[in-house]
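Worksheet: the structure to be examined is printed underneath.
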Amino acid sequence: MMDSLNQRHWRIDRLRTALFIAAGSSALALPLGQAAMAQDAPAEENVAEEIVVTGSLIARPDYKANSPIVSVGEEQIEATGQLTVERALSQMPQFAGGLGQSNTSTTSTGLSGGQAYATLRGLGSKRTLILLDGKRMQPSNPDGSVDLNTIPEAVIGNIEVITGGASTAYGSDATAGVVNFRLKSNITGLNIKSQTGISNYGDGRNFRISAVAGGNFDDGRGRAFVALDYSKRDRAKRRQRPWYPDRTTETGNAANPYGSALFTGNEPTLAAVNSVFAGQYGYAPFVASNGSRLYSGGAQIGFNNDGTLYTANNAPVVNFKGVETDDAYFVSSGNSIFGPAQQFKFGFTGGDIQSEMERYSAMGRADYDLTDDISAFAQFNYTTYSQYSIVNTTLSNNVYLQNIPYNSYFVPDDLRTILASRADPTADFQFYKAWNAIGNRGQTYDYDVWQFMAGLNGKLGIGDLTWEFYGSRSSSNFRNGQTGGLSLSRMEALLASPTGGLGNCTDFNIFGNLPISDACAEYVKRDTLNTTRMEQDIVSATMQGGLFKLPAGDVRFALGASYRKNSFTFKADDALNQPDGTSDIIGFSVLRSSGGSVNVKELFAEMLVPVLHDLPLVQQFNLDLGYRYSDYNSIGGAHTYKADFDWQVFDELRLRGGYNRSIRAPSVGELYAPISTGSSSIGQAARTVLAGDPCDYRSSYRAGANEAQVRALCIAQGMTASTYGDSTSGFVGTSQIFPLTGGNPDLNEETADTWSFGAVLNSPFTSPILSGMSMSVDWYNIKISDAIGILAVSQSVQYCFNADGSSNPTYDVNNYYCQLLSRAPEGTLEPPTSQPLLNLGTFEVQGIDVQFDWRLGLDDIGIASPGTLRFRSVVSYLDKFKVQNLPGGPTYDYSGTIGFTIESDAGISHPKWKANTTLGYSDDQFDASLVWRFIDKMDHSNSVTSASAPKGIAAYHAFDFNLGFQFEGDVSLRAGVTNIFNKAPPSYSNTPATYDASTYDVLGRNFFMSLSKQF
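This is the structure:
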């Protein structure tokens, strides 16, 4: 019998070792064969010391996570050299790029400009729930996202990230996962810390100083801390980086500083154009390729400063008299003019790579033992910050300046000749211009975010049952200003003036790149201000503890109820919300005031059931079961549930995994967001592909057997028969249109099903060299159904005109998709053309995460030193990133590609492999770390749906290094450099200098240093 037992134990030991070696070999093959990635965070055993694990409501001293959890420690946050935590999170392989320090949004809503979001698995920030010590924070965006700028970094001990659904534990919004910021515990004394940094190019300076003080009072019955933080970040400019060119090499931007006219739907004759360019200027006559007697409506005519004309695009540029400088130059094709003069003068070349920000924050917390069994707590945090972004000059091709009178005072004589040949010679004409003389536009963002929380907790007096009751009140107030916008009504008033001026403005000549007086500039400019207020109220009560004993251990539970209300009020500037439904600001869209609220009442329960223990290959097997019922005033009742397992096979091996059903209820913003217009592309019409406007005479829709039905539908939508024209001339559509978007109160919830399975291994070896190894391997699959998204106007156009052969076979103008479109008599798609929010898509993300840690003392390898070497590699493999945009539509897998995103802040990079690896050394007084960041090569996302696509990008390697010193008197110094070799980001488009700034390092090499003192 004894021999049999010994043999069984020997076999188990052999199995332990074999499993660890096999899994370890696989894990090492990932980081070393594919390039490694690391998070120098606290090891898992440190996380296990916490009483409550992220993703669960049940407290237990020896509790370990059933779901994949990765931690980021204070040192790793500091090692990024940045002022906010966004960079530390973005470097973790579980995260895709979202909005961050480079965000300089030009949207008139101002609801996202300057904010920084976390987006897990490329599924969007609104599907990533942000917690502070396990409790919800105040949303910073109407879609429910939390701005990472509001996180009080000075008191953050570590960050825990859990993949997949956690709605059972925390409610809605956790469909992609949870990021839980844990506060430092037992803060005592006073710590003052200062940090500064600068880029390799002398810009992007940042500075931060923080003070944290805490301790006990009233003989230890009370504990309190307060933290104050100030930070400032300067702009970093694209023009300073060698990977951003000074000039564009692309064609097609005819919004130049000299201005140009176009004549869609009311073309001049070719003879009239030739009478000017051939008869007066001496150039060879133009010949229309289609034999038409008309000059193509898409071919623009520009204005020289002396009143003569030049051809602006769609033909070799003829008679341009400007000087090729930064003010205006030919692009590589030689057939278009581009003029970014003000962009260089003011330091703007398409956007800053780091935006300017100044931030103040404060946080305080107090805990007090009222009795031996009851404690009270109160917590307050406040953040205020401002950001300023320079935006490009107003371009009149963003919103047509349509009402230029044919006889306006400054219209050149040669243009009058051409205008007179049109079918309607006295009609207004459309006009494009980059308003260099006015200067850049600007966006200002001012944020005030606060949250107050108070509650009671204690022992119930029955067994080890404990309870907690708390309430939270919070608010976000945003003020978004736009400067340098042009008033459409004032522009039109000047252009209609018989003298070319009004009041003190007497020299307003828009034809040519001519200076404008200060009086005229001030007259036509109009600043705007939009305000947003969001509020959140939470009341929650929980009870948890042991129920009864089973042979395998204690059955534990948690039970609770909560109420949450989120409200949203948006007030648009009157200039953007005109009574006739238009915007008076050229370049900023229509925006309407709106508001609404959502409330939810919830009941939830969780039970930890020990099933087996002390059996061969089963030291302990537990089930964690959970359920939550949510009753929303918007969608009604919703159910979420989970079933997780935790299987301790033996000391060195633990298996974990399970299933979670999660939901994401539509946010208050998705239900009640303001109606606004924004630029959207439908593609360029061509005979070879089903793209662009079907009513365009160049469109393949008009070349097929259904041409008569296409014509009837175009006219039924509002365009005139004469504008429709024939197959060789007629309406020329534009690829950019400006549909209305906004909230939809009829949305339903998204649902997510998450499966996970993983293993946690600790070294089975007793050798000092090998005993410090540990590893975790986790597989996950997340599938989201009924995902809320915008039905793009390009899709509505295609389905209205039956591009798929089944969506509108009768070409009925009352078809759903057709009802979303509206045409002007001249043929252009215009508001109320809309892009509604609907429950549309299905997303499936699947992959494997591996984390390997190895620590060993120098004395273990024969070096007489107290120091410790550490190695950590965190590797993520993305197996699937499947997207179905519309129910019943095709499904595409975007794993291993760049360029596609499910929404604006979800990230466009989906590499197969992403990794971070850290090699470090530390002793009592010194530590050093070298970090290797790796992102796998990717194809362009267009290759998924088309045989023709831009080339892909190569693998990316970047290295960071930092040193830390501990001096006598509790003084600490840390210094480092990120992107040591100044590695340029890869461009992923046919347009040069097109980078994913949220994933790759567009800032370049950056130096930083911090100094702290503990009193």
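Take the sequence shown: its letter number 67 is residue 67 in the working numbering, and every next letter is one higher.
C-beta atoms are modelled at their ideal positions from N, C-alpha and C, and glycine is treated no differently.
The structure displayed is predicted, hence computed values, not measured ones.
Host alpha helix (DSSP H) of residue i (start-end)
i: ALA272; result: 270-277
i: LEU419; result: 413-419
i: GLU267; result: First-last for GLU267: undefined, no H or E at that position.
i: MET775; result: No alpha helix (DSSP H) contains MET775, which is instead part of the beta strand (DSSP E) from 773-790.
i: ASP580; result: Per DSSP, ASP580 belongs to no alpha helix (DSSP H) and is neither H nor E.
i: ALA521; result: 518-524
i: TYR816; result: 816-819
i: ARG87; result: 86-90
i: GLN536; result: Counting along the chain, GLN536 falls outside any alpha helix (DSSP H), though it belongs to the beta strand (DSSP E) covering 528-550.
i: GLN798; result: 793-800
Where the beta strand (DSSP E) containing residue i begins and where it ends
i: VAL178; result: 177-183
i: VAL212; result: 206-217
i: THR168; result: It is not in any beta strand (DSSP E) - THR168 instead sits in the alpha helix (DSSP H) that spans 167-170.
i: ASP448; result: 440-459
i: ASP554; result: 553-571
i: GLN835; result: That residue, GLN835, is in no beta strand (DSSP E); it is neither H nor E in DSSP.
i: ARG490; result: Premise fails: ARG490 lies in the alpha helix (DSSP H), 488-496, not in any beta strand (DSSP E).
i: VAL318; result: Note, VAL318: premise wrong, no beta strand (DSSP E); not H, not E.
i: ALA759; result: 750-762
i: GLN94; result: Premise fails: GLN94 is in no beta strand (DSSP E) and is neither H nor E.
i: PHE926; result: 926-935
i: ASN480; result: 466-483
i: VAL1002; result: From DSSP, VAL1002 is part of no beta strand (DSSP E); its letter is neither H nor E.
i: ALA975; result: 971-978
i: MET137; result: From DSSP, MET137 is part of no beta strand (DSSP E); its letter is neither H nor E.
i: LYS232; result: 222-233
Whole-number beta carbon distance between residue j and residue i, since they are thought to touch under 8 Å
i: PRO425; j: LEU419; result: 6 Å
i: ASP143; j: GLY678; result: With 8 Å as the limit, ASP143 and GLY678 do not qualify as a contact, their Cβ atoms being about 16 Å apart.
i: VAL598; j: TYR629; result: About 17 Å separates the two Cβ atoms, so there is no contact after all.
i: ASN480; j: GLN443; result: 7 Å
i: ASP753; j: SER56; result: At roughly 19 Å, the Cβ-Cβ gap does not stay under 8 Å, so ASP753 and SER56 are not in contact.
i: THR54; j: ILE69; result: 6 Å
i: ILE1019; j: PHE557; result: One cannot answer for residue 1019 here, as it falls past the ends of the chain, which runs 1 to 1015.
i: LEU740; j: THR842; result: The pair is not a contact, with the Cβ atoms about 26 Å apart (cut-off 8 Å).
Pair within 7 Å by beta-carbon distance, residue i and residue j
i: ASP970; j: GLN925; result: no
i: GLY124; j: GLU903; result: yes
i: ARG1092; j: PHE225; result: Any answer about residue 1092 is impossible in this case: the structure gives the chain only from 1 up to 1015.
i: ILE663; j: ALA638; result: yes
i: PHE961; j: LEU930; result: yes
i: THR168; j: TYR641; result: yes
i: SER946; j: GLY899; result: no
i: MET681; j: GLN736; result: It is Ser, not Met, that sits at residue 681 in the sequence shown. In contact: SER681 and GLN736 (Cβ atoms closer than 7 Å).
i: GLN709; j: TYR811; result: yes
i: PRO890; j: ILE788; result: no
i: SER389; j: SER355; result: yes
i: ALA362; j: LEU228; result: yes
Chain B within 7 Å of residue i, Cβ atoms only
i: VAL85; result: Of the chains in the structure shown, none is chain B; there is only one protein chain.
Runs of beta strand (DSSP E) wholly within the region 847-902 (minimum 3 residues, chain order): Segments of the beta strand (DSSP E) lying fully in the region 847-902: 868-884 and 891-893.
Touching by the beta-carbon criterion (3+ pairs, under 8 Å), the region 654-674 and the region 594-602: A contact exists between the region 654-674 and the region 594-602.
Complete runs of the alpha helix (DSSP H) confined to the region 667-731 [at least 4 residues]: Residue ranges of uninterrupted alpha helix (DSSP H) with 4 or more members, entirely inside the region 667-731 and ordered along the chain, are 668-672, 707-716 and 721-724.
Runs of beta strand (DSSP E) wholly within the region 601-641 (minimum 3 residues, chain order): Here the runs fully enclosed are 618-632.
Cβ contact (3+ pairs, closer than 8 Å) linking the region 966-980 and the region 1000-1012: The region 966-980 makes contact with the region 1000-1012: 3 or more CB pairs, one atom from each, lie closer than 8 Å.
The region 456-467 in contact with the region 519-531 per 3-pair CB rule at 8 Å: Contact between the region 456-467 and the region 519-531 is absent, because fewer than three Cβ pairs lie under 8 Å.
The region 481-491 touching the region 540-548, judged by at least three CB pairs closer than 8 Å: With the cut-off at 8 Å, the region 481-491 and the region 540-548 do not touch.
Three CB pairs or more closer than 8 Å across the region 176-186 and the region 982-1000: Segments in contact, no.
Three CB pairs or more closer than 8 Å across the region 828-848 and the region 874-884: Verdict: yes, contact present.
Contact between the region 696-714 and the region 612-624 (3+ Cβ pairs under 8 Å): These segments do not touch.
The region 209-218 contacting the region 987-1001, beta-carbon criterion three pairs below 8 Å: With a cut-off of 8 Å on Cβ pairs, the region 209-218 is not in contact with the region 987-1001, counting fewer than three such pairs.
Three-pair Cβ contact test at 8 Å for the region 138-156 versus the region 759-779: Segments in contact, no.
contact_flag[the region 149-160, the region 181-196] where n(CB pairs < 8 Å) is 3 or more: Judged by Cβ distances under 8 Å, the region 149-160 makes contact with the region 181-196, as three or more pairs qualify.
Touch test, the region 260-278 against the region 181-200, Cβ-Cβ under 8 Å, three pairs minimum: At 8 Å Cβ cutoff, the stretches do not touch.
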